[in-house]
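S.K.: Sharing a structure with you now.
Residue numbers (my numbering), protein chains in the order written: chain L, 1 to 511; chain X, 1 to 102; chain D, 1 to 89; chain W, 1 to 325; chain E, 1 to 100.
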């Protein structure tokens, strides 16, 4: 990996947000907001320039301290990382803009919450570091940066529900990272390296590797709220302040998914079996059905959106069984790999846009009504046309109706499912979509229904509504550069790869 | 076995004896104050003997100085500990008695 | 000589194990704190013997660290639990 | 023969871990957990990890101990009196849980334990990075390999981790809500307590500085020194001189951020000069690492004492609420 | 049986005790202690492998990783304690109420 062109962008992408976060600590709450917003814009600009660099030069690396791995740490931006960084930057900058107005409006009752901006910049830097890192232990440190700042953001409001949900979230996060770290310890002990690219070459199958795979998957599943470890997500995401809910649900959980995807595809190929893929697929399928059903049963808007996150994350897990080939199938003959990867990437991006928009809209409604019980959404269209539109568009993207990014994701997933012959996942995808349609149309029906009792809608700044709407529109716009995006991703080594498990009785069985 | 080793062994055995005495005191004495007594006196003596034995064994002036420092700090810390805990417990007891008297 | 050191270390470790009984029994929080002091002193003795046994003089630094921080717990107990009912039952 | 020590330590550690979770009283749990920390510190020494042992001693015996003890006063004294209903419900629900789910749970844990044991038993010899670190050690500017890894080979991890400490402080602030933190303390009345605190302050400072300096050649370094210096802040806070709360705001912020900030700015400067982030010219590496370590220790100390002060404040508030009701 | 094996087996036991404790115990503080025990197990495994790979000195990389890890774990434990104490202060709850 060290022969690739070097660039300073990886270092800057982590360093700049942390520098700005540190700087912002010297100001009061107003100054922090200015530094925070400026920092968000700067980081976004930097991310986009870095992505442009990757499209021009291909994968770029940065060898920290000049020490080659395995002793040193290497940061790299390959097309896959670039796409995730781009998603983070685009969604992040909209959330920053929203937060800027949100805290200005609510300054009276929240005191401007001076902790928000430095923590958000730290979180951003941690996410960037996570996408860039090529080192197992460094991934643990970035996971902790992300985890602690995410929980701290989630409890900002100081309400009892937020604190309780936050503690549950924090304990789950610590447990998850410790489980992950145990796997890292075993891998380091058995190979003497922490670098992901080197591990892909030297890792041998055996009882130790299998157990390391088990605990690492367990830890990351806890962190990304995969079924059955989803218990912390709905309370934590629904009790947080609106901009925080948006960034937790749209961005933070994707970090753990990204690591899981990378490690399964690049490191643990030697230990994975067809059954492992099916098992995680079942977890995903249960999450889709359970999450959608729970969302359908809720009566407050934020809880609906939070449970919907559990379901949408389930779709991500359902990509894994497609990537692990049945015994006897080779990567070249498997033509469903590319659709499956596309489905995964599009699910990540479209969910980020749609869910951010959904949570921001929920925040607007809470601001206007003072609560978020859905029976008060009657005549939303009459009172807040833009927000109603944002909810509608984001909902359509979540269901997966054309021409949204969500449609692209679900359609590609179905294509992959049928091409691979694993037809048993198809009913799950369809049922999930139906249930999603159920709660989205329930919301829209209420929004169009005439007002029965007079709910007073307090005025809310138009800029907030516009930001939410722009994010919802974004979840449609991402479909247009699809060809370019897939072409770009295909220059990444990992995209479109599959795992050919070694059959029982071979090397694996004897160990 | 040289004479230095013999002295080391004797010091360590005596030190262990005092440690045992201290622990037994902590376990067997009836109330906090006498337990404090056992702990802070006997154990420090034991530590002193072991420190002396090891200083002889290591036989380097720098290490001997460090060991001496450790022992002196421990003496200081545990005598303050003894006082502070005893004082604390007395206040607690008084508080409890007052509450029960009410 | 090495065997003798090992015996001493094992003896001191068993001392700690015996001290655990007091942590279990209490009854007051001060009693339990007392045993952490006991562990601290015994631990320091073990460290000294290990330093001689392994010939690793840097272990004395570990002992000093224990030493200077042991007082911290006591002071925090005394200051923090002041005017508290404490655990008596 | 020396395996007896290891076996005894291992059994002790496992016993303490189990008991600290199973003990019926919270105070028992917490103090058994302190003892667990001591057992671990001895285990580090048996495994020739003196750097780790100093860190564990400083953290477990010092900082975490104080934090847990401070937290205990919230929970321990009032549980029987105030929350009898909760307690009853608590014990009831414990007995109510069914036999079968419990059996599956324990069987699952047992199975998990077995495969974990198999995994560590059968672990292949990876060889580690000892040789690689050994060859590059002369270029790192320090002689202690652990310091070389922490501050040079893997400086990025260390830098991010200082970020984590700062985030931890911000997080405790966030959890604390809008509390009045800047209360002037009341200096302690007890003469002996004052003397003890005044005596141990310079001792802690000097020993911290010693560990910081010795970290170049032997076990010690920024973290150990940072925790020891942080203990000064905690001692002074407990003695009624909360100097962190009393110092001007900008100075406190400077102390908190100087380690992280300087580390990064220096890295950026050398990156602008054409190297990579955190790449130091070997000739100056030694002195640069010492400066970075000093500033890092200051920041860690400031962050740890501020975390303690904030947590202590939460307890004080709880006391006030209790005394008014 | 080598020295490192005793400790690496211990580390696995501690890890399992910790992970079980997080799910089984109820009291907030005990859950926090359980996560710290889990961490202790993980760090013990790192250091035991470092001892196995020793040449003239033990493998310094795991030692450095463990020092980093300990500090990270302490930062999260401090935060968890702050949350637990605030919850108790506001509601009087010592455990998650809907745990079954």
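Every residue gets a Cβ at the ideal spot worked out from N, C-alpha and C, and that includes glycine. It should be emphasised that the depicted structure is a prediction, and the values quoted were computed from it without experimental measurement.
By Cβ distance below 7 Å, which residues in the same chain neighbour residue 464 of chain L in space, the five residues on each side in sequence not counted?
M.R.: So the list reads 98, 101, 102, 364, once near-sequence residues are dropped.
S.K.: Who are residue 524 of chain L's beta bridge partners in DSSP?
M.R.: Residue 524 of chain L lies beyond the residue range present for chain L, which begins at 1 and ends at 511; the question has no answer from this structure.
S.K.: Tell me the rounded alpha-carbon separation between residue 333 of chain L and residue 498 of chain L.
M.R.: Cα to Cα, residue 333 of chain L sits roughly 11 Å from residue 498 of chain L.
S.K.: Are the beta-carbon atoms belonging to residue 311 of chain W and residue 34 of chain E less than 8 Å from one another?
M.R.: Cβ distance not < 8 Å, so residue 311 of chain W and residue 34 of chain E don't count as in contact.
S.K.: Taking 8 Å as the limit between beta carbons, can you name the residues of its chain near residue 28 of chain L, skipping five residues before and five after?
M.R.: Answer for residue 28 of chain L: 114, listed in chain order.
S.K.: Give the secondary structure of residue 156 of chain L by DSSP, where H, G and I count as helix, E and B as strand, and everything else as coil.
M.R.: In the structure shown, residue 156 of chain L sits in coil (DSSP, three-state: anything other than H, G, I, E or B).
S.K.: Quick one: which unbroken beta strand (DSSP E) runs of 3-plus residues sit fully inside the region 30-59 of chain E? Chain order, please.
M.R.: Complete beta strand (DSSP E) runs here, min 3: none at all.
S.K.: Considering Cα atoms alone, identify which of L:269, L:474, L:251 is closest to residue 206 of chain L.
M.R.: Of L:269, L:474, L:251, the residue nearest in Cα terms is L:269.
S.K.: Based on Cα-Cα distance, which residue from L:374, L:161, L:135, L:296 lies nearest to residue 512 of chain L?
M.R.: Residue 512 of chain L is absent from the model: chain L starts at 1 and stops at 511.
S.K.: Quick check: what's the CA-CA separation for residue 315 of chain W versus residue 461 of chain L?
M.R.: Each residue's alpha carbon lies about 40 Å from the other.
S.K.: Short of 6 Å in beta carbon distance, which residues of its chain neighbour residue 129 of chain L, apart from the five on each side in sequence? Order them along the chain.
M.R.: If we look at residue 129 of chain L and ignore the five residues flanking it on each side, its Cβ neighbours are 14, 142.
S.K.: When we look at the beta-carbon of residue 61 of chain D and count the other beta-carbons within 10 Å, is it buried (16 or more) or exposed?
M.R.: It is buried - the Cβ of residue 61 of chain D has at least 16 other Cβ atoms within 10 Å.
S.K.: Drop a sphere of 10 angstroms on the beta-carbon of residue 93 of chain W, count the other beta-carbons inside from all chains shown, and report buried for 16 or more, exposed for fewer.
M.R.: With a pLDDT of only 48 at residue 93 of chain W, under 50, the local geometry of the prediction cannot be trusted, and no value is derived from it.
S.K.: Taking the C-alpha atoms as reference points, what is the distance between residue 139 of chain L and residue 133 of chain L?
M.R.: Roughly 6 Å separates the two Cα atoms.
S.K.: So is residue 146 of chain W in contact with chain L if we call contact Cβ pairs under 8 Å?
M.R.: It does not: the Cβ of residue 146 of chain W has no partner Cβ on chain L nearer than 8 Å.
S.K.: Nearest chain D C-beta to residue 50 of chain X closer than 8 Å, yes or no?
M.R.: Closer than 8 Å: yes.
S.K.: Are the CB atoms of residue 394 of chain L and residue 472 of chain L nearer to each other than 8 Å?
M.R.: In this structure, residue 472 of chain L lies closer than 8 Å to residue 394 of chain L by Cβ.
S.K.: When you compare only the Cα positions, how much space is there between residue 273 of chain L and residue 324 of chain L?
M.R.: Answer to the nearest angstrom: the Cα atoms are 7 Å apart.
S.K.: With DSSP collapsed to three states, give me the class of residue 17 of chain D.
M.R.: Note: residue 17 of chain D maps to helix in three-state DSSP.
S.K.: Taking C-beta pairs closer than 9 Å, name the residues in chain W that residue 84 of chain X reaches, listed in chain order.
M.R.: Neighbours of residue 84 of chain X on chain W, chain order: 190, 192, 193, 196.
S.K.: Could you check where the beta strand (DSSP E) with residue 77 of chain L kicks off and where it finishes?
M.R.: 74-77 is the span of the beta strand (DSSP E), which, as asked, contains residue 77 of chain L.
S.K.: Could you say if the region 6-26 of chain X and the region 364-379 of chain L meet the contact criterion of at least three C-beta pairs nearer than 8 Å?
M.R.: The region 6-26 of chain X vs the region 364-379 of chain L: no contact.
S.K.: For residue 242 of chain L, count neighbouring C-beta atoms within 10 Å of its own C-beta (all shown protein chains included) and say buried if the count is 16 or more, exposed if not.
M.R.: The residue is buried, with at least 16 neighbouring Cβ atoms inside 10 Å.
S.K.: Rounding to the nearest angstrom, what Cα-Cα distance links residue 193 of chain W and residue 77 of chain X in this structure?
M.R.: About 11 Å.
S.K.: What are the residues that DSSP puts in a beta bridge with residue 499 of chain L?
M.R.: Answer by DSSP bridge pairing, in chain order: L:324.
S.K.: Going by CA-CA distance only, name the one from L:285, L:360, L:311 that's closest to residue 245 of chain L.
M.R.: With distances taken between Cα atoms, residue 245 of chain L lies closest to L:360.
S.K.: Residues of chain X with CB under 8 Å from residue 34 of chain D, in chain order?
M.R.: The contacting residues are 26, 32, 35, 36, 39, 85.
S.K.: Does any residue of chain X have a CB that is nearer than 8 Å to the CB of residue 4 of chain D?
M.R.: At least one chain X Cβ lies under 8 Å of residue 4 of chain D.
S.K.: Using 8 Å as the Cβ pair cut-off and three pairs as the minimum, do the region 443-452 of chain L and the region 389-408 of chain L touch?
M.R.: Short answer: they touch.
S.K.: How should residue 188 of chain X be labelled, buried or exposed, when 16 other C-beta atoms within 10 angstroms of its C-beta is the threshold for buried?
M.R.: This structure gives no information on residue 188 of chain X, because the portion of chain X shown stretches from 1 to 102.
S.K.: Sort W:274, W:275, W:132, W:23 by Cα distance to residue 60 of chain E and report the nearest one.
M.R.: The option with the nearest alpha carbon to residue 60 of chain E is W:132.
S.K.: Looking only at DSSP bridge pairs, what is residue 520 of chain L linked to?
M.R.: Coverage of chain L is limited to positions 1 through 511, which leaves residue 520 of chain L absent and any answer about it impossible.
S.K.: Quick one: what's got a C-beta closer than 6 Å to residue 152 of chain L's C-beta in the same chain, skipping five residues either side?
M.R.: Result list for residue 152 of chain L: 119, in chain order.
S.K.: So what does DSSP say about residue 74 of chain W, is it helix, strand or coil?
M.R.: Three-state result, residue 74 of chain W: helix.
S.K.: Checking 8 Å against the spacing of the C-beta atoms, do residue 222 of chain W and residue 296 of chain W come in under that value?
M.R.: It is a contact, given that the beta carbons lie within the stated cut-off.
S.K.: Show which residues of chain L have a CB atom less than 9 Å away from the CB atom of residue 76 of chain E.
M.R.: The contacting residues are 144, 147, 148, 151, 170, 173, 174, 177.
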